[in-house]
Amino acid sequence: MTTPNTQQQDAMLKRLARVEGQIRGIQAMIRRGEECEAIAQQFAAARKALDKAYQEMLACLLEETVLDPARDDAETLARVRAIFTKYT
6 MTTPNTQQQD AMLKRLARVE GQIRGIQAMI RRGEECEAIA QQFAAARKAL
56 DKAYQEMLAC LLEETVLDPA RDDAETLARV RAIFTKYT
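Start counting the sequence shown at 6; every next residue gets the next number (the working numbering).
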């Protein structure tokens with residue numbers, strides 16, 4: 006197995022840092038007693054950002070699987086199916 010390359014790692018870490026900031030912002034909104042709709046909007050934005058980071062990681066996993074020269078086509082297809090079943 007391989008790991009994400011440096012560029013992929015940096016991109017994922019930046020995304021996660023933004024999500025972390027959004028979560029902290031949501032916590033602050035709750036502490037301040039802001040309106041539920043405003044908080045819900047920020048929750049939705051944080052979820053979308055986390056989903057995007059997850060999609061990037063999933064793409065990395067799929068690339069790793071598809072580009073593995075040690076696997077034949079049947080093994081690759083089985084692994085891709087297993088990835089989708091397990092992670093989506």
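A virtual CB, placed ideally from N, CA and C, is assigned to each residue, including glycine.
Minimum C-alpha distance to Q27 - residue among L18, K91, R52, L72: If you number the sequence shown from 1, residue 27 lands on position 22. It is R52 whose Cα lies nearest to the Cα of Q27.
For K19, the nearest candidate out of A43, T93, Y59 (CA to CA): Within the sequence shown, numbered from 1, the residue matching residue 19 stands at position 14. Minimum Cα distance to K19 is reached at Y59.
Would you report the Cα separation of V24 and C41, rounded to the nearest angstrom? In the sequence shown, the residue the question calls residue 24 occupies position 19. In the sequence shown, the residue the question calls residue 41 occupies position 36. Going from the Cα of V24 to the Cα of C41 covers about 19 Å.
Rounded C-beta distance between A16 and E69? I'm assuming under 8 Å. Locating residue 16 in the sequence shown gives position 11, counting from the first residue. Locating residue 69 in the sequence shown gives position 64, counting from the first residue. Contact doesn't hold; Cβ gap of about 16 Å is too wide.
Cβ-based burial, I31 [other Cβ within 10 Å; buried from 16]: For the purposes of this step, residue 31 is taken as residue 26 along the sequence shown, with counting starting at 1. Per the 10 Å Cβ criterion, buried.
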